[in-house]
Amino acid sequence: MGTERRKGERVTFERGYSAHMMGIDGTWRRTCTMEDVSEIGAKLTVEGSIEGLHLKEFFLLLSSTGLAYRRCELAWVNGDQIGVNFLKPTDKKKKTTRQNSATADA
1 MGTERRKGER VTFERGYSAH MMGIDGTWRR TCTMEDVSEI GAKLTVEGSI
51 EGLHLKEFFL LLSSTGLAYR RCELAWVNGD QIGVNFLKPT DKKKKTTRQN
101 SATADA
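All the letters of the sequence shown, read from the start, carry residue numbers 1 to 106 under UniProt numbering.
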């Protein structure tokens, strides 16, 4: 097998977990299967081509209603499989808060 890229413990799904990938702007959507997941990322098998899709940031929809999701960024591609890193919502809020407090101090 290949080199393990992800640190931390992961859960492997014997038959995969059905999910969807969707562009941040909602302009594209692909069915995928989550092969494994950890606290910081996942390995997905994508149905259909990913060519031309904006994968810098996208949503991984984990429920049919879209209420359970993770914001992701592409980590690697190997054929129809991709690795994704989960983006933490607190990262952007901290940057905004720091910028606002720096502006207030000036």
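The beta carbon of each residue, even a glycine, is placed where N, CA and C say it ideally should be.
Check your understanding: Hey, is the segment 32-48 in contact with the segment 10-17, meaning 3+ C-beta pairs nearer than 8 Å?
Key -> yes
**Study point:** Range covered by the beta strand (DSSP E) that runs through S18
**Key:** 10-23
Check your understanding: With a cut-off of 8 Å, does the C-beta of T33 fall near any C-beta of chain D?
Key -> No chain D is present in this structure, which holds just one protein chain.
**Study point:** Residues that DSSP places opposite T31 in a beta bridge
**Key:** H20
Exercise for review: Check whether the Cβ atoms of W76 and L53 sit closer than 8 Å, and answer yes or no.
Suggested key: no
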